[in-house]
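Below: the structure, in structure tokens.
2 protein chains.
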Amino acid sequence: MYTIGEFAAFGRVSVRMLRHYDAVGLLRPARVDERSGYRFYSNAQLRDLLRIVELRGLGCGLDEIAVVLEADDEREVMRDLLVRRAAELEASVAADRARLARIGERLRILEGEHTMSAPIEYRPIEAVTVYAVEGRAPGAGPENVSPVIDPLLERLTGSLRAAGRELIEPGIFWYDDIEGSEELGVHVSFTADPQPQAGEGYDVVELPAVPLAAVVTHRGDMPSIGESYDLLMNGLIDDGYRMVGPCREVYLEADDDLPQSQWVTELQVPVERN
Amino acid sequence: MYTIGEFAAFGRVSVRMLRHYDAVGLLRPARVDERSGYRFYSNAQLRDLLRIVELRGLGCGLDEIAVVLEADDEREVMRDLLVRRAAELEASVAADRARLARIGERLRILEGEHTMSAPIEYRPIEAVTVYAVEGRAPGAGPENVSPVIDPLLERLTGSLRAAGRELIEPGIFWYDDIEGSEELGVHVSFTADPQPQAGEGYDVVELPAVPLAAVVTHRGDMPSIGESYDLLMNGLIDDGYRMVGPCREVYLEADDDLPQSQWVTELQVPVERN
DNA sequence: CTTGACTCTCACGCTGTGTCAGGGTCGACC
DNA sequence: GGTCGACCCTGACACAGCGTGAGAGTCAAG
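Protein chains in written order, with our numbering: chain A, 44 to 317; chain B, 44 to 317.
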């Protein structure tokens, strides 16, 4: 029998936490003195405590730990928990890495920005007809969108080749919000023939003319395109415009045999004067 | 001027959050209708909103973001924040990696455990005099302790060699709690000469005899020693004993020219019968 | 005028932990 | 037997960032 203080010292846990574990039913003291309310723990419970501190150290939730402690086949449940937790950790590491990459990009922007001006043009855009495919990204931001783009592009080029059509530059991507969903609609397209023809695996879409758009030309690879987006968004607000429609990316020079650092992409966003 | 709903859609934030940002003073609406209480946002604020969602996405706290938005030299402050955040993320990734490693180890134990029995011996241990050095680890667990061990070992072997003494096997490590601190005392030692002699850079310590200790022999490398500790702790509780003192590790066969997989280490923990 | 979409405030929930206040209990020492 | 210091008790508030819900007011279109 240990007092709560001794017991806490064994597990290197705070007394507060032992009381909390009692309150939530995770680890009830073996005996509670009726008169004083003092908690007493048995050494059989030391084992549970060690489990708890270990699993907590791995970041498992108290409810998950409770399941393990109460399980008939502890090993089975424990293994499940650990495997699940490992998956979560992998995901967390991946997310953090993505964040680090974005921070790196932002820092580069920050260093360069004070020498760069914002060469934003404001001009109308003509309607254009394209062959397009559509997908969905789980959210905004490059980390969500990039992995969706590639398969879409594959699908589109595949379908167009199968239909015997040439790829006509420029490629045009655009994005739109989906009603009542967190997702982002992702559209990948190539310019259509003069007499557009429907076909299997792609849609014929007419992108409407835009009376006024803010346009910026991005020269460089795709990972750094966020830089140009940033410039565009901030610039148009500063210039007294506001976005009124979804954004388009026009790939003016983006051959596969050209290094990405030499690609030229136009970002177009419909705006209105304030 | 946008209503809260429109504004929320732009930043892909929930309406709830915009109200929250208002409440905590992070992003106050440009205008609030006196009669209805409706919030209205200007497009100049769109820029701040974009900053907020971006920095939130990177995991920055609202208070840190507030500092950036209110800063005179935004770029300066922003860079500081990003650099700091990057460091935090690195740390977080490292921590998660460590957790993953531990999970891997646990899973290995779990798979093996059902074929292994717990060959724990219970026997007295004689007093022994050693030459020792002492350090501190920031907490329990191999991830805290390992990085402390190596420098201590270097220091001890260095001092003993400088004093012209041979290293007498076995090496003995032990750990003890430090009063009123989260830290763990870490002691590294080698057996002393028959007539122990004090010297520069090491202490002469007599490890007291232990009336009864639970002892398990660990055969294998150091990373897997947690497995044996686990076995020992759980085994002695099951066998009806309890820990009454700090743990010792005795390195019976641990020459540097022996592969770690063939090392033999004895774990000794003072116990009492319940 | 009604209806439906939107907005308002206020409030509680989650997690795991620290901390503070105000008061009992225990054991040792005088 | 009294006193003191170390320990323990309960209960409450705080944290960060967001979800959810209740009950009520507002706005614009039909």
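A virtual CB, placed ideally from N, CA and C, is assigned to each residue, including glycine. All figures in this text were calculated on a predicted structure; none of them were measured in a lab.
Identity of the residue in the options nearest residue i by Cα
i                      : options                    : result
residue 265 of chain A : A/247, A/255, A/302, A/246 : A/302
residue 122 of chain A : A/141, A/98, A/140, A/105  : A/98
residue 218 of chain B : B/274, B/154, B/177, B/65  : B/177
residue 209 of chain B : B/314, B/72, B/73, B/236   : B/236
residue 202 of chain A : A/242, A/267, A/106, A/142 : A/242
residue 292 of chain A : A/270, A/311, A/269        : A/311
residue 324 of chain B : B/260, B/306, B/267, B/313 : Lying before the first or after the last residue shown, residue 324 of chain B is absent from chain B, which here runs from 44 to 317.
residue 286 of chain A : A/307, A/261, A/165, A/268 : A/165
residue 220 of chain B : B/67, B/297, B/183, B/269  : B/183
residue 263 of chain B : B/187, B/282, B/296, B/276 : B/296
residue 44 of chain A  : A/82, A/187, A/93          : A/82
residue 309 of chain B : B/274, B/60, B/300, B/248  : B/274
residue 155 of chain A : B/153, B/75, B/119, B/299  : B/119
residue 144 of chain A : B/132, B/300, B/109, B/153 : B/132
residue 193 of chain A : A/63, A/84, A/60, A/299    : A/299
residue 187 of chain B : A/261, A/100, A/205        : A/100
Proximity of residue i and residue j at Cβ, strictly below 8 angstroms
i                      : j                      : result
residue 216 of chain A : residue 174 of chain A : no
residue 257 of chain B : residue 146 of chain A : no
residue 47 of chain B  : residue 69 of chain B  : no
residue 213 of chain B : residue 294 of chain B : yes
residue 151 of chain B : residue 102 of chain A : no
residue 259 of chain B : residue 162 of chain B : yes
residue 67 of chain B  : residue 105 of chain B : yes
residue 269 of chain A : residue 185 of chain A : yes
residue 148 of chain B : residue 267 of chain B : yes
residue 111 of chain A : residue 117 of chain A : yes
residue 317 of chain A : residue 283 of chain A : yes
residue 179 of chain A : residue 244 of chain A : no
residue 65 of chain B  : residue 71 of chain B  : yes
residue 113 of chain A : residue 124 of chain A : no
residue 247 of chain B : residue 239 of chain B : yes
residue 93 of chain A  : residue 276 of chain B : yes
First through last residue of the alpha helix (DSSP H) which encompasses residue i
i                      : result
residue 258 of chain A : No alpha helix (DSSP H) holds residue 258 of chain A; the beta strand (DSSP E) holding it covers 253 to 262.
residue 78 of chain A  : Note, residue 78 of chain A: premise wrong, no alpha helix (DSSP H); not H, not E.
residue 48 of chain A  : 47 to 54
residue 240 of chain B : Unbroken run through residue 240 of chain B: none, as it is neither H nor E.
residue 62 of chain A  : 58 to 66
residue 275 of chain B : 268 to 281
Where the beta strand (DSSP E) containing residue i begins and where it ends
i                      : result
residue 211 of chain A : 211 to 220
residue 246 of chain A : 246 to 250
residue 191 of chain B : Per DSSP, residue 191 of chain B belongs to no beta strand (DSSP E); it is in the alpha helix (DSSP H), 185 to 205.
residue 232 of chain B : 227 to 234
residue 178 of chain A : 171 to 180
residue 286 of chain A : 284 to 286
residue 101 of chain B : Run containing residue 101 of chain B: none; DSSP gives neither H nor E here.
residue 69 of chain B  : That residue, residue 69 of chain B, is in no beta strand (DSSP E); it is neither H nor E in DSSP.
residue 295 of chain B : 291 to 296
Cβ-heavy atom distance, residue i to the ligand PLP, below 7 angstroms
i                      : result
residue 252 of chain A : You won't find the ligand PLP in this model; it holds no ligand whatsoever.
**Message:** Contact between the stretch 195 to 204 of chain B and the stretch 136 to 148 of chain B is defined here as three or more beta-carbon pairs at a separation below 8 angstroms; is this criterion met?
**Reply:** no
**Item:** the stretch 263 to 281 of chain B: positions lying closer than 7 angstroms to chain A by Cβ
**Value:** Cβ contacts with chain A come from 276, 277, 280.
**Prompt:** Which residues, in order along the stretch 115 to 131 of chain A, keep a beta-carbon less than 7 angstroms from a beta-carbon of chain B?
**Reply:** 118, 121, 122, 125, 128, 129
**Stretch-stretch touch, CB-based, cutoff 8 angstroms, three pairs: the stretch 246 to 255 of chain A with the stretch 169 to 186 of chain A** = yes
**Message:** Below 8 angstroms, how does it come out for the stretch 75 to 93 of chain A and the stretch 47 to 61 of chain A: are there three or more Cβ pairs, yes or no?
**Reply:** yes
**Request:** Would you list, in chain order, the members of the stretch 88 to 108 of chain A that have their beta-carbon closer than 7 angstroms to a beta-carbon of chain B?
**Result:** 89, 90, 93, 100, 101, 102
**Asked** Closer than 9 angstroms, Cβ to any Cβ of chain A: which residues of the stretch 46 to 74 of chain B, in chain order?
**Response** 52, 53, 55
**Request:** Please name the residues in the stretch 129 to 153 of chain B whose beta-carbon is closer than 8 angstroms to at least one beta-carbon of chain A, in chain order.
**Result:** Answer set for the stretch 129 to 153 of chain B: 129, 132, 133, 135, 136, 139, 140, 142, 143, 145, 146, 147, 149, 150, 153.
**Request:** Give, in chain order, every residue of the stretch 278 to 310 of chain B whose Cβ lies closer than 7 angstroms to some Cβ of chain A.
**Result:** 280, 285
**Request:** Could you name the residues of the stretch 174 to 199 of chain B whose beta carbon sits closer than 7 angstroms to any beta carbon of chain A, in the order they occur along the chain?
**Result:** Within the stretch 174 to 199 of chain B, the residues whose Cβ lies closer than 7 angstroms to any Cβ of chain A are, in chain order, 183, 184.
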